[in-house]
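Those letters in the sequence shown? Residues 245 to 545, by this note's numbering. We put the CB at the ideal spot given by N, CA and C, even for glycine. Keep in mind that this is a model prediction, so the values were computed, not measured. Comments concern the structure below.
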Amino acid sequence: MKIALLVSDNLWPGFDDQREDVFEYDEEIATLTPAFAAQGLELIPIRWREAAERAPDFAAMLPLMVWDYFEGNEAAFLSEMAKAEQVTKLFNPFDVLKWNANKTYLDELEAAGAPVIQTMTVERVTESNVARAFDELQTDCLVIKPQIGGGAWRQVLYKKGDPFPAKADLPPEAALIQDFLPSVKQEGEYSFLYFGGAFSHAVQKQAKPGDYRIQSLYGGTETTYTPSRAERETARSVLDCLDFTPLYARVDLLRGRDGKLKLIELEMLEPYLYLPHAAVDETGLNEGAKLFAQSLKKRLK
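In structure tokens, the structure reads:
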């Protein structure tokens, strides 16, 4: 069975303005391909903009590497995914992608009991609502990020009393304003990976000295992490708030001021999977990639 791995133009080979972290795309394809092949699945990268047109050729489509959908392309991306799902299976399904594309889903997860980082949602960023956020969140340092965004795009760290950020640096439209947790600099961020609802592996991501952004694009690094039982239970509790089981999900957590892990993001659209930090079996296959492929095959029967 042919499986399409949907890719953004800024990762596509030969694109004039490729992302600097394109190596993560190369690594992920190289790791997933043999694990999928072992399950009789042929993984084929295609541009997400061709998904609807090429949907009849595939048993399923995975929008894992669509790392430009948030750069003003969300309407076109979601339209393309809706059309593709009329023809073939989409994982995660369109309704999940649409819900997960807008980070206001954090409000719903918090209402369902998830331990979400303190967050205020606004339709646009203004000096007055940022001032209100300092008061409501009881902090003197904020992270301001787009409601539809990723990879720290148009994200700002703003300390009370500093000059207000330039409009070009701030989220272009609706935003989340969050308490800045010092633990991101001291301890870093954790990611827990799940396939078919089963835990696969975890990583600890740390920013380079002097920064707080943990993405490799900004000099961040990752190490394999073995979570405690309590940490596993916290991550699992986030997925338990859902009324469905995603094919793939990444739970991103930061240590809160109370010492407990807090949800910063639940990625079910285009998460980088950190597969180099999963175990490898006796045949050389990546255990995370293998669990992913096995979970997908079950859903295609």
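Fill in: Whole-angstrom distance between G316 and L540, CA atom to CA atom
The residue given as residue 540 occupies position 296 in the sequence shown. The residue given as residue 316 occupies position 72 in the sequence shown. Roughly 30 Å between the two C-alpha positions.
Worksheet item: When the Cα atoms are used, what is the spatial distance from F335 to E477?
Response: Here residue 335 corresponds to residue number 91 of the sequence shown, with the count starting at 1. Here residue 477 corresponds to residue number 233 of the sequence shown, with the count starting at 1. Cα to Cα, the separation comes out at about 25 Å.
Practice prompt. Specify the secondary structure class of E354 as computed by DSSP and reduced to three states.
Written response: Residue numbering aside, residue 354 sits at position 110 when the sequence shown is read from its first letter. Three-state DSSP puts E354 in a helix.
Practice prompt. For Y516, collect the residues of the same chain with a Cβ closer than 6 Å to its Cβ; drop the 5 residues on either side in sequence, then sort them by chain order.
Written response: Looking up residue 516 in the sequence shown gives position 272. Contacts found: E268.
Worksheet item: Nearest to A248 by CA position, among E297, Q399 and D487, is which residue?
Response: As a first step, residue 248 is located in the sequence shown; it is residue number 4 there, counting from the start. Nearest option by C-alpha distance: E297.
Discussion item. I need the straight-line Cα distance from D423 to F378, nearest angstrom please.
Written reply: Counted from its first residue, the sequence shown places residue 423 at position 179. Counted from its first residue, the sequence shown places residue 378 at position 134. Distance between the alpha carbons of D423 and F378 is about 8 Å.
Item to complete: May I ask you to verify whether the segment 325-332 touches the segment 291-309, counting CB pairs closer than 8 Å and requiring at least 3?
Response: yes
Worksheet item: If you run the structure through DSSP and keep just helix, strand and coil, what is I421?
Response: Taking the first residue of the sequence shown as position 1, residue 421 is located at position 177. Of the three classes helix, strand and coil, the one that applies to I421 here is strand, per DSSP.
Worksheet item: What residues in its chain sit with their C-beta under 7 Å from that of H521, if we drop five residues either side in the sequence?
Response: The residue you call residue 521 lines up with position 277 of the sequence shown. Closer than 7 Å at the Cβ level, and outside the excluded window around H521, lie H445, V447, E466 and T468.
Discussion item. Tell me which residues share the same chain as R473 and place their Cβ nearer than 8 Å to its Cβ, disregarding the 5 neighbours each side in the sequence.
Written reply: Numbered from its first residue, the sequence shown carries residue 473 at position 229. Result list for R473: empty, nothing under 8 Å.
Item to complete: Starting from the C-beta of A493, find all residues in its chain whose C-beta is less than 6 Å away, skip the five residues before and the five after it, and write them out in chain order.
Response: Counted from its first residue, the sequence shown places residue 493 at position 249. Hits under 6 Å: Y438 and M512.
Worksheet item: Can you pull the DSSP bridge partners for A446?
Response: To locate residue 446, count along the sequence shown from 1; it is residue 202. F436, per the DSSP bridge assignment.
Discussion item. The alpha helix (DSSP H) that contains A537, what's its start and end?
Written reply: The residue given as residue 537 occupies position 293 in the sequence shown. Note, A537: alpha helix (DSSP H), E531 to L544.
Worksheet item: In terms of residues, what are the limits of the beta strand (DSSP E) holding T467?
Response: Here residue 467 refers to the residue found at position 223 of the sequence shown. Start and end: T465 to T468.
Fill in: Beta-bridge partners of Y402, as assigned by DSSP
Here residue 402 refers to the residue found at position 158 when the sequence shown is read from its first residue. Bridge partners of Y402: L386.
Practice prompt. Enumerate in chain order the residues of its own chain whose CB-to-CB distance from V266 is below 6 Å, with the five nearest sequence positions on each side excluded.
Written response: Indexing the sequence shown from 1 puts residue 266 at position 22. L255, listed in sequence order.
Worksheet item: If you draw a straight line from the C-alpha of Y456 to the C-alpha of V387, how long is it?
Response: By 1-based counting over the sequence shown, the position of residue 456 is 212. By 1-based counting over the sequence shown, the position of residue 387 is 143. Each residue's Cα considered, the two are about 10 Å apart.
Discussion item. Looking only at its chain, what residues have a beta carbon closer than 8 Å to the beta carbon of K504, apart from the 5 residues adjacent to it on each side?
Written reply: In the sequence shown, residue 504 corresponds to position 260, counting from 1. Closer than 8 Å at Cβ, skipping near neighbours: P359 and T478.
Worksheet item: With which residues is M305 paired in a DSSP beta bridge?
Response: Looking up residue 305 in the sequence shown gives position 61. Bridge partners of M305: A248 and L334.
Worksheet item: Is DSSP giving M512 helix, strand or coil here?
Response: The residue labelled residue 512 in the question sits at position 268 within the sequence shown. Note: M512 maps to coil in three-state DSSP.
Practice prompt. Return the chain-ordered list of same chain residues with a C-beta closer than 6 Å to the C-beta of G463, the five sequence neighbours on each side being excluded.
Written response: In the sequence shown, counting from the first residue as 1, residue 463 sits at position 219. So the list reads K452, once near-sequence residues are dropped.
Worksheet item: If you drop the 5 nearest sequence neighbours on each side, which residues of the same chain put their C-beta closer than 8 Å to that of N373?
Response: Sequence index remark: in the sequence shown, residue 373 carries index 129 (1-based). Correct list, in chain order: M364, V366 and I421.
Discussion item. I'd like the span of the beta strand (DSSP E) that includes P289, first residue to last.
Written reply: What you label residue 289 is simply residue 45 of the sequence shown in a count that begins at 1. Here the beta strand (DSSP E) through P289 covers E286 to R291.
Discussion item. Quick check on K404 - is its C-beta less than 7 Å from some C-beta in chain D?
Written reply: Structure shown: chain D not included; a single protein chain is present.
Practice prompt. Over the uninterrupted beta strand (DSSP E) stretch that includes Y518, give me the two end residues.
Written response: Here residue 518 is taken as the residue at index 274 of the sequence shown, counted from 1. That residue, Y518, is in no beta strand (DSSP E); it is neither H nor E in DSSP.
Worksheet item: For K279, does the count of other Cβ atoms within 10 angstroms reach 16, so buried, or fall short, so exposed?
Response: Numbered from 1 along the sequence shown, position 35 holds the residue referred to as residue 279. In the sequence as displayed, the identity of residue 279 is Ala instead of Lys. Result: buried.
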